[in-house]
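Chemist:
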DNA sequence: AGGGCCTTGTAGCGAGTGCTACATTACGCT
DNA sequence: AGCGTAATGTAGCACTCGCTACAAGGCCCT
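Residue numbers (our numbering), protein chains in the order written: chain E, 27 to 207; chain W, 27 to 207.
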């Protein structure tokens with residue numbers, strides 16, 4: 027059982043139960059090994075978590091790429107709708123839940139979290155730029171604008187203010203009808 | 027030493043060290059009492075944290091009210107600028123850091139966190155409505171829009187994408203120059 | 001002064017934490 | 001076949017966790 031064999035199992039456990047519950051013995055159990063071996067393979071817990079987070083980031087990135095519809099969106103509003111629909115899929119929920127834990131860790135200065143969070147956002151932003159409408163006057167700035175909106179909306183939804191987020195988007199210059207949100 | 031005497035000291039400790047480090051013995055030490063007494067006064071840890079979070083929410087609300095400049099903002103852009111400047115004050119940093127921990131707990135379903143987060147956002151939204159420009163065509167929807175933007179920008183800043191957030195706001199319909207961000 | 005409650009100190013329980021020491025097995029290379 | 005390294009099991013250490021049992025003070029009321 028090498029690191030590469032273990033990582034998917036470890037990642038699945040972290041996605042399901044969160045980082046706060048990611049202690050060595052439960053992780054080892056989920057990967058059908060022992061805490062002893064986790065330390066053996068990864069050195070210490072900090073490195074273990076860093077590797078798991080990196081693996082999850084890769085998985086998330088791939089899932090996002092895979093879920094991208096073929097045809098280009100026609101408007102910024104459509105971009106936001108599509109992404110919010112995608113990101114709120116039940117299958118994406120564990121990533122969302124984990125994401126806020128990473129943000130919290132990043133804010134608190136937990137080693138490795140800031141790097142992980144920054145990398146995820148950078149990749150997401152890069153991908154967002156490719157999703158902008160073909161005739162968009164400012165795809166680069168627009169992607170940043172939409173990212174800000176989307177993440178704000180997601181946070182509000184997370185804390186029970188989905189309605190606030192929806193009404194906020196309706197009041198934005200994106201206007202139109204944001205079907206589904 | 028009653029509950030009311032202890033709460034400010036406990037809140038200070040949570041603001042400084044976060045919820046993850048908020049275990050009974052350190053909390054008790056910060057409040058110059060014993061873990062024994064914390065359980066005696068609050069029943070159990072869950073209730074203790076709920077009370078501390080409620081106390082912190084009150085404190086935050088008061089601080090925000092106090093920091094509001096007298097004169098009304100002239101534009102939505104000015105509203106955003108003022109709030110981001112205020113919310114990024116060093117004195118507000120502990121609240122921000124704690125906030126993401128609450129959001130994470132809310133997403134994970136930790137008892138009490140969802141209620142706390144929802145209440146904070148509701149209060150913030152209500153306050154934001156009072157801050158909208160006098161001649162705003164849609165202060166209610168506008169407040170929700172700005173809240174979404176502000177929170178998205180704050181999250182991006184937290185994970186090291188302050189620049190992304192700034193450029194996103196510059197590309198929004200708020201346009202103008204968002205001095206300071 | 002004495003009864004009764006509110007408050008507090010001391011000690012500890014059982015479980016979980018990251019990590020290590022030591023020993024043994026498994027396996028590839030010459 | 002023999003050697004060396006990689007891989008793994010077993011036990012355990014020192015610590016923290018939330019919480020409780022027990023007992024003793026302190027203080028008010030009559």
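Note that CB positions come from ideal geometry on N, CA and C, so glycine has one too. Quick caveat, the model's predicted, so the values are computed rather than measured.
Can you find the residues in the same chain that come closer than 8 Å, C-beta to C-beta, to residue 198 (chain E), ignoring five residues on each side of it along the sequence?
Modeler: So the qualifying residues of the chain are 175.
Chemist: In chain order, what residues of the stretch 155–166 of chain W put their CB closer than 9 Å to some CB of chain E?
Modeler: Hits within the stretch, in order: 164 and 166.
Chemist: When you compare the CB of residue 185 (chain E) with every CB in chain W, is at least one pair closer than 8 Å?
Modeler: Chain W, which has a Cβ nearer than 8 Å to the Cβ of residue 185 (chain E), makes this yes.
Chemist: For residue 27 (chain W), which of helix, strand or coil comes out of DSSP?
Modeler: In the structure shown, residue 27 (chain W) sits in coil (DSSP, three-state: anything other than H, G, I, E or B).
Chemist: Going along the chain, which residues of its own chain have a beta-carbon closer than 8 Å to the beta-carbon of residue 127 (chain E), five neighbours each way excluded?
Modeler: Taken in chain order, the residues that qualify are 44, 45 and 46.
Chemist: Cβ atoms of residue 196 (chain W) and residue 173 (chain W): under 8 Å apart, would you say?
Modeler: No, the Cβ-Cβ distance between residue 173 (chain W) and residue 196 (chain W) is not below 8 Å.
Chemist: Using the C-alpha atoms, what's the distance from residue 131 (chain W) back to residue 200 (chain W)?
Modeler: Cα-Cα distance, rounded: 32 Å.
Chemist: Would residue 140 (chain W) count as contacting chain E if we go by Cβ distances under 8 Å?
Modeler: Interface residue, yes.
Chemist: Mark residue 164 (chain W) as exposed unless 16 or more other C-beta atoms lie within 10 angstroms of its C-beta, in which case mark it buried.
Modeler: With fewer than 16 Cβ atoms within 10 Å of its Cβ, residue 164 (chain W) is classed as exposed.
Chemist: What residues from chain W crowd round residue 129 (chain E), counting only those whose CB sits closer than 8 Å?
Modeler: Correct list: 126, 129, 130, 181, 184 and 185.
Chemist: Between the stretch 82–101 of chain W and the stretch 146–162 of chain E, do three or more beta carbon pairs fall short of 8 Å?
Modeler: Verdict: no, contact absent.
Chemist: How many angstroms separate the CA atom of residue 35 (chain E) from the CA atom of residue 186 (chain W)?
Modeler: Roughly 29 Å between the two C-alpha positions.
Chemist: Would you please verify whether the beta carbon of residue 196 (chain W) is less than 8 Å from any beta carbon of chain E?
Modeler: It does: the Cβ of residue 196 (chain W) has a partner Cβ on chain E nearer than 8 Å.
Chemist: Suppose contacts are defined by Cβ-Cβ distances below 8 Å. Is residue 159 (chain E) in contact with residue 42 (chain E) by that definition?
Modeler: Going by C-beta atoms, residue 159 (chain E) is not nearer than 8 Å to residue 42 (chain E).
Chemist: State buried or exposed for residue 169 (chain W), treating a residue as buried only when at least 16 other CB atoms are found within 10 Å of its CB.
Modeler: The residue is buried, with at least 16 neighbouring Cβ atoms inside 10 Å.
Chemist: Please go through the same chain and pick out, in chain order, the residues whose beta-carbon is closer than 7 Å to the beta-carbon of residue 74 (chain W), but skip the five residues on each side of it.
Modeler: Excluding sequence neighbours, residue 74 (chain W) sits near 64 and 68.
Chemist: Less than 8 Å between CB atoms is the rule here; does residue 190 (chain W) satisfy it with respect to chain E?
Modeler: Yes, because at least one Cβ of chain E sits closer than 8 Å to the Cβ of residue 190 (chain W).
Chemist: Decide yes or no for the touch test of the stretch 79–87 of chain W against the stretch 133–150 of chain W: beta carbon pairs closer than 8 Å, at least 3 of them.
Modeler: Flag = yes, the stretch 79–87 of chain W and the stretch 133–150 of chain W touch.
Chemist: Counting only Cβ-Cβ distances shorter than 8 Å, please list the residues of the stretch 111–124 of chain E near chain W, keeping chain order.
Modeler: Cβ contacts with chain W come from 122 and 123.
Chemist: Please tell me whether residue 72 (chain E) has its Cβ less than 8 Å away from any Cβ of chain W.
Modeler: Closer than 8 Å: no.
Chemist: Give the secondary structure of residue 138 (chain W) by DSSP, where H, G and I count as helix, E and B as strand, and everything else as coil.
Modeler: DSSP places residue 138 (chain W) in coil when its eight states are reduced to three.
Chemist: Whose C-alpha, out of E:96, E:91, E:113 and E:89, is nearest the C-alpha of residue 184 (chain E)?
Modeler: Of E:96, E:91, E:113 and E:89, the residue nearest in Cα terms is E:113.
Chemist: Check for me: the alpha helix (DSSP H) holding residue 67 (chain E) runs from which residue to which?
Modeler: Here the alpha helix (DSSP H) through residue 67 (chain E) covers 61–68.
Chemist: Who are the near neighbours of residue 203 (chain E) in its chain, counting only those whose CB is closer than 6 Å to its CB and skipping five residues on each side?
Modeler: With a pLDDT of 46 at residue 203 (chain E), under the threshold of 50, the predicted position of this residue should be treated as unreliable, though the coordinate-derived value follows. Nothing listed; no residue qualifies.
Chemist: Considering only residues of the same chain and omitting the five flanking positions on each side of residue 54 (chain W), which have a CB-CB separation below 6 Å?
Modeler: So the list reads 60, 61 and 64, once near-sequence residues are dropped.
Chemist: Does residue 171 (chain E) have its Cβ less than 8 Å from a Cβ in chain W?
Modeler: Taking Cβ atoms only, chain W reaches closer than 8 Å to residue 171 (chain E), which makes this a yes.
Chemist: Could one say the Cβ of residue 168 (chain W) lies closer than 8 Å to chain E's Cβ atoms, at least one of them?
Modeler: Output row for residue 168 (chain W): interface = yes.
Chemist: Are residue 118 (chain W) and residue 129 (chain E) closer than 8 Å when you measure CB to CB?
Modeler: No, the Cβ-Cβ distance between residue 118 (chain W) and residue 129 (chain E) is not below 8 Å.
Chemist: Going along the chain, which residues of its own chain have a beta-carbon closer than 6 Å to the beta-carbon of residue 136 (chain E), five neighbours each way excluded?
Modeler: Hits under 6 Å: none found.
Chemist: How big is the Cα-Cα spacing for residue 133 (chain W) and residue 72 (chain W)?
Modeler: Their Cα atoms are separated by approximately 17 Å.
Chemist: Taking the alpha helix (DSSP H) that residue 160 (chain W) falls in, what are its first and last residues?
Modeler: Note, residue 160 (chain W): premise wrong, no alpha helix (DSSP H); not H, not E.
Chemist: Using a Cβ-Cβ cutoff of less than 7 Å, which residues in the same chain neighbour residue 37 (chain E) once the five nearest sequence positions on both sides are dropped?
Modeler: These residues qualify, in order along the chain: 78, 81, 82 and 85.
Chemist: State the DSSP-derived secondary structure class of residue 145 (chain E), mapped to helix, strand or coil.
Modeler: Three-state DSSP puts residue 145 (chain E) in a helix.
Chemist: Name the chain E residues that come within less than 7 Å of residue 44 (chain W), Cβ to Cβ?
Modeler: Near residue 44 (chain W) (Cβ distances below 7 Å), the residues of chain E are 134.
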